[in-house]
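Residue numbers (our numbering): 265 to 697. Every residue, glycine too, gets a C-beta built ideally from N, C-alpha and C.
As structure tokens, then:
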């Protein structure tokens, strides 16, 4: 009888904790939103590009230390690892990226970035046009909420401030520095990304492949140069390049199965100097996007075959066939775990309502968050979309995309939604049996 009474009290207590968690988060945010929005605006005004995130990392690390986390800085570049141990339970990784983009901001916000930076010898603007300022602020808000509500969960929270996401290197840098060897392998990993088409107050999420393998492939096209007035004395690499570009499009349209998503974009053609010289070399730069590994490898094969075939038809000897440069390092596709996706949907529904948890279709953009759960030790991960735009912009169809100089989120509602969803998700995962 005494055992049954104890079990009942324990069950009742857990039920109360679970039921009250959304209210606890709401109460915390009511006191903390001004602070978080202020932090967001400061980061938006002071962006730093990939591999130069020194002051950004210092600002975030300082706040995490104030919140009670054990913080390691300069881990894999300017990476941050913040640990909060709270008894026995699972270890959960939650990542934010920190870097900005080299572009001038054109939003005309009162807190817009006016900073410039040196890049490849040129002065360029610097802007958080991919929402990483929102990501950092949401992580900070969640960190503070979890630290202030330690009675609601047990386990180890592992917060990652990652550099160099925009160039697809940051997660690799931190993992190669021994992230899991030093801090332990997580049981779950979560992350979010700002979305320029979903309304603030909502999230978008789906299981399976949600973002693509992304890689840059270069093709050096060779030829025989001559005077522009004597093309018969040349084998023109510009003409060969144009034929390669057109035939590359048939790889997706005629070689890849229609149900297998893929994109081949030729984003740069570099060759020649003046109008009356036929050059002897042209460089093509390709962006290739796929989900499945077998499709990725097949596209590599076809790019080489198409390029060589056109060069052969032009009469070039084999030693002058194009050189296709396929780098070993690429950003792998993001694969959301089905069970973890369902758990996040359930947690999000508690705090923002089921009607605000949307299905988000896969996109062929890339995100190096995908590496965290696919490194040497594998564990379930999910990256979901955070809505950031107003209903007014949606109705007016004024939706500049990510990496646009005109993109900006609605700070308060975006951050508030992000903190609610991530905090509730973490608490539910820590308490899962």
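Beta carbon proximity, residue i to chain B, threshold 8 Å
i	result
residue 394	No chain B is present in this structure, which holds just one protein chain.
Span separating the alpha-carbon of residue i from that of residue j
i	j	result
residue 285	residue 365	37 Å
residue 413	residue 566	55 Å
residue 595	residue 668	22 Å
residue 683	residue 652	13 Å
residue 502	residue 486	9 Å
residue 440	residue 635	11 Å
residue 455	residue 402	10 Å
residue 599	residue 520	21 Å
residue 410	residue 423	11 Å
residue 471	residue 491	57 Å
residue 522	residue 554	13 Å
residue 685	residue 469	12 Å
residue 687	residue 675	18 Å
residue 275	residue 643	Note that residue 275 scores a pLDDT of 42, beneath 50, so its modelled location is shaky; the value from the coordinates is reported in the next line. When rounded, the distance between both Cα atoms is 30 Å.
residue 696	residue 663	38 Å
residue 399	residue 428	14 Å
residue 449	residue 581	53 Å
residue 660	residue 306	29 Å
residue 299	residue 408	11 Å
Endpoints, beta strand (DSSP E) assigned at residue i
i	result
residue 458	452-463
residue 468	467-469
residue 342	Segment: none, residue 342 is in no beta strand (DSSP E) and carries neither H nor E.
residue 360	355-361
residue 511	Element bounds for residue 511: not the beta strand (DSSP E) but the alpha helix (DSSP H), 501-514.
residue 529	526-535
residue 473	472-475
residue 623	621-623
residue 663	From DSSP, residue 663 is part of no beta strand (DSSP E); its letter is neither H nor E.
residue 598	598-600
residue 638	Unbroken run through residue 638: none, as it is neither H nor E.
residue 335	334-336
Residue i - containing alpha helix (DSSP H), residue span
i	result
residue 654	First-last for residue 654: undefined, no H or E at that position.
residue 677	675-695
residue 548	Looking at the DSSP string, residue 548 is not in any alpha helix (DSSP H); the run it does join, the beta strand (DSSP E), is 545-554.
residue 592	Per DSSP, residue 592 belongs to no alpha helix (DSSP H) and is neither H nor E.
residue 538	That residue, residue 538, is in no alpha helix (DSSP H); it is neither H nor E in DSSP.
Buried/exposed call for residue i, threshold 16 Cβ in 10 Å
i	result
residue 538	exposed
residue 442	exposed
residue 302	exposed
residue 498	buried
residue 623	exposed
residue 496	exposed
residue 514	exposed
residue 405	buried
When you compare the region 457-471 with the region 344-359, are there three or more beta-carbon pairs, one atom per stretch, that lie closer than 8 Å?
As far as the Cβ criterion goes, the region 457-471 does not touch the region 344-359, which means the pair count is below three.
Only counting runs of 3 or more residues, tell me where the beta strand (DSSP E) segments fall wholly within the region 380-448, in order along the chain.
Qualifying beta strand (DSSP E) stretches, in chain order: 380-383, 386-389 and 419-426.
Would you be able to state if there are at least three C-beta pairs under 8 Å between the region 651-662 and the region 373-393?
With the cut-off at 8 Å, the region 373-393 and the region 651-662 do not touch.
Please determine if the region 566-576 and the region 585-599 are in contact, where contact requires at least 3 C-beta pairs separated by less than 8 Å.
Yes, since at least three Cβ pairs between the region 566-576 and the region 585-599 fall closer than 8 Å, the two stretches touch.
Assess, as a yes-or-no matter, whether the region 367-375 is touched by the region 343-350 under the definition of 3 or more beta carbon pairs within less than 8 Å.
Taking a cut-off of 8 Å on C-beta distances, the region 343-350 does not touch the region 367-375, as fewer than three cross pairs fall below it.
contact_flag[the region 608-619, the region 683-696] where n(CB pairs < 8 Å) is 3 or more
Output reads yes: the region 683-696 touches the region 608-619.
Check whether the region 494-514 touches the region 528-537, counting contact only when three or more Cβ pairs, one atom from each stretch, lie closer than 8 Å.
Put simply, the region 494-514 touches the region 528-537. At least three CB pairs are less than 8 Å apart.
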